[in-house]
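In UniProt numbering, the protein residues as written are 1 to 276.
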Amino acid sequence: MRITARRLALGEGLAAAVPAMDVVAETSAAQPAAPIALAVETAERPQLLSLLLGGRLKPTAGEVLIDGSDDTAELRRRVALVDTPGTSEPSPGVALRTVVAEELAFAGAPSSRRAVDAVLTKHGLADHARVPLRAVPAAPRIRLLSELALLRDGIEALVITSPERHGGDPRGWFGEVRQVAARGVLTIVVTDEATAALLRAAGASDGSAPAAHPEPEPAAPAPAPAPAPAPAPAPAASTTPEALSASPTADDEAGSTATASATADPAAARPAAQEH
């Protein structure tokens with residue numbers, strides 16, 4: 001599953017409720033990804049960004065794609081908002097037992113007293129059944145609400161909003177979030193800058209879109225081979241007196257030939273004897 005936000009914004013300029021941002025979040029059952037920590041400041045921005053990513057709020061600019069599609073209805077069907085103020089946050093004064101019963105009913109699961117007790121026992125919260133939600137520690141609260149959201153049919157991604165507001169060491173509840181993500185659930189935590197930095201140090205991804213890679217420039221053509229060097233011209237005959245005296249003349253060559261012949265056949269050089 002992949003969620004991509006491109007230049008997503010709510011409002012414009014300095015007054016924008018959510019300034020333009022890019023987000024890439026991806027995971028799969030075969031290769032589960034780490035939870036993603038998205039950082040935004042001011043009290044209401046985490047809530048608004050969560051609504052945008054979950055398809056519950058229309059952006060002023062940009063878009064949110066799910067697996068490459070801009071189908072907002074599909075985004076809502078597959079993404080659950082967890083503990084988002086004003087949207088999915090249970091009333092803080094309600095007993096934990098009641099919260100669980102309501103979430104089970106919303107998921108279409110049995111919500112009887114026995115079913116509720118089974119859920120609380122599974123998550124080690126049986127002794128918190130009558131405790132108001134505000135008194136439940138951050139780590140088990142986030143774990144329980146995340147697991148209840150995943151009971152809904154078709155949910156593949158969770159957007160958890162500002163869990164740091166419940167106190168405690170963020171690294172404690174981040175362990176719970178990481179266990180959910182390890183099952184191939186796309187998990188996004190929308191929080192403030194300080195908490196996001198702690199989560200990233202603990203192994204979360206920052207969710208920022210990768211920088212675009214420029215197209216490689218075409219390779220320069222190979223240089224043409226250098227032409228073969230021209231043969232050196234034959235040296236011109238010298239016309240200096242020394243060169244002329246050293247060069248044999250035609251007469252010299254003829255005399256040399258005759259001398260060579262006489263030397264080779266002495267008999268031919270003597271006069272023929274008179275006949276008697």
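Think of the CB as a built atom: it goes at the ideal place given N, C-alpha and C, for glycine as much as any other residue.
Could you tell me the alpha carbon to alpha carbon distance between residue i and residue j, rounded to whole angstroms?
i, j, result
"Val119", "Pro110", "11 angstroms"
"Ala202", "Ala105", "35 angstroms"
"Arg130", "Asp70", "43 angstroms"
"Glu63", "Arg7", "7 angstroms"
"Ala16", "Arg113", "46 angstroms"
"Ile188", "Arg134", "23 angstroms"
"Ala25", "Thr87", "22 angstroms"
"Leu57", "Leu48", "8 angstroms"
"Leu125", "Gly108", "22 angstroms"
Residues in the same chain with beta-carbon distance under 8 angstroms from residue i, minus the five sequence neighbours each way, listed in chain order, please.
i, result
"Gly168", "Pro137, Ala138 and Ala139"
Within this structure, are the beta carbons of residue i and residue j separated by less than 9 angstroms?
i, j, result
"Ile155", "Val177", "no"
"Ala5", "Leu81", "no"
"Asp18", "Ser208", "According to the sequence provided, residue 18 is Val. The question's Asp does not apply to it. No, Cβ-Cβ distance for Val18 and Ser208 is not below 9 angstroms."
"Pro32", "Arg152", "no"
"Thr72", "Leu186", "no"
"Gly39", "Thr191", "It is Ala, not Gly, that sits at residue 39 in the sequence shown. For Ala39 and Thr191, yes; Cβs fall inside 9 angstroms."
"His123", "Leu150", "no"
What whole-angstrom Cβ distance do residue i and residue j have, given they're in contact under 8 angstroms?
i, j, result
"Arg165", "Ala37", "Actually they are not in contact, since the Cβ atoms of Arg165 and Ala37 sit about 15 angstroms apart, beyond 8 angstroms."
"Ser205", "Ala34", "5 angstroms"
"Val79", "Val159", "6 angstroms"
"Leu148", "His128", "Not quite, the Cβ-Cβ distance comes to about 14 angstroms (not below 8 angstroms), so this is no contact."
Who are the near neighbours of residue i in its chain, counting only those whose CB is closer than 6 angstroms to its CB and skipping five residues on each side?
i, result
"residue 279", "Absent from the model: residue 279. The displayed extent of the chain is 1 to 276, so no value can be given."
"Leu75", "Gly55 and Ile66"
"Ala101", "Ser111 and Val116"
"Phe174", "Leu199 and Ala202"
Give me whichever residues DSSP pairs with residue i in a beta bridge.
i, result
"Leu38", "Val190"
"Ser69", "Ile66"
"Leu8", "Met21"
"Leu158", "Ala80 and Thr187"
"Ile3", "Ala25 and Ile66"
Can you find the residues in the same chain that come closer than 7 angstroms, C-beta to C-beta, to residue i, ignoring five residues on each side of it along the sequence?
i, result
"Val99", "Pro90 and Leu133"
"Glu103", "Leu148"
"Thr195", "Glu164 and Pro170"
"Ala9", "Ala16, Val18, Pro19, Ala20, Pro59, Thr60, Ala61 and Gly62"
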